[in-house]
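Here the sequence shown stands for residues -21 to -1, 1 to 159, where the numbers follow mature numbering (1 follows the signal peptide of the UniProt record, and there is no 0).
Note that CB positions come from ideal geometry on N, CA and C, so glycine has one too.
Each remark here refers to the structure printed beneath this line.
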Amino acid sequence: MGQKRANCIGLWSLCAGMVVAVVSHSIACAQSHIVSLQKLDWSTAEHLASEAVRVCQAQGYSVTATVVDTTGHQQVVIKGDTVPLQSLSVSYRKAYTAYSYGLAFNKNTTSELIAAKVTGPANGALNTIPEVLFVPGGVTVRTASGSTVLGGLGVSGAPGGEKDEACALAAVKKFQAEFH
């Protein structure tokens, strides 16, 4: 009886070991198919957009600020009290352009992208892409070290994109040290 019991325990141990091995292998395989994204949490994105609107408002400009995440989707939109309707789409397009092209060309603002002439061929073909807009007012949002792009911030509504961009830059500057 002792030998039979030892054989059963051995068989159970072998089976348990096989189950653990199969489960461990399955988990390892599943984990290799997981994608992790670094982006701002919604609360920080909200603070960033609110700060951009606040900075512009203090200068007498009613603007819309949009934060896009690392998928290019709108994460937060904050609009001033008297913004024109088009500022909603324009702020998104500036944020998207700053994020996607800032990442690709290692630039920090839409103004830098324009200065580097990354707007495409002379015929402006890149400006025909619906989400892209090469005008000042977009800022690439990066970690405090600057090594990782977390999204983009676009501002629209001030009289001139340079003013929009100054508000966006001020907001990023205020919070960037917290982006780890």
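I believe V111 touches Y78 by the beta-carbon criterion, under 8 Å. Please report the beta-carbon distance rounded to the nearest angstrom. Taking 8 Å as the upper bound for CB-CB distance, V111 and Y78 are not in contact here, some 11 Å apart.
Measure the C-alpha to C-alpha separation of D143 and L67 and round it to an integer number of angstroms. 13 Å
Run through DSSP, which three-state label would Q36 get? helix
Around the C-beta of A31, are 16 or more other C-beta atoms found within 10 angstroms, so that it is buried, or is it exposed? buried
Thinking C-beta only, is A28 closer than 8 Å to V56? yes
Output the distance between the C-alpha atoms of L148 and G39, rounded to the nearest integer angstrom. 17 Å
In or out: E91 buried (at least 16 other Cβ within 10 Å) or exposed? buried
Counting pairs of beta carbons, one from the region 150 to 157 and one from the region 91 to 100, are three or more of them closer than 8 Å? No, because fewer than three Cβ pairs between the region 150 to 157 and the region 91 to 100 fall closer than 8 Å, the two stretches do not touch.
Where do the ends of the alpha helix (DSSP H) carrying Q65 lie? Q65 to F84
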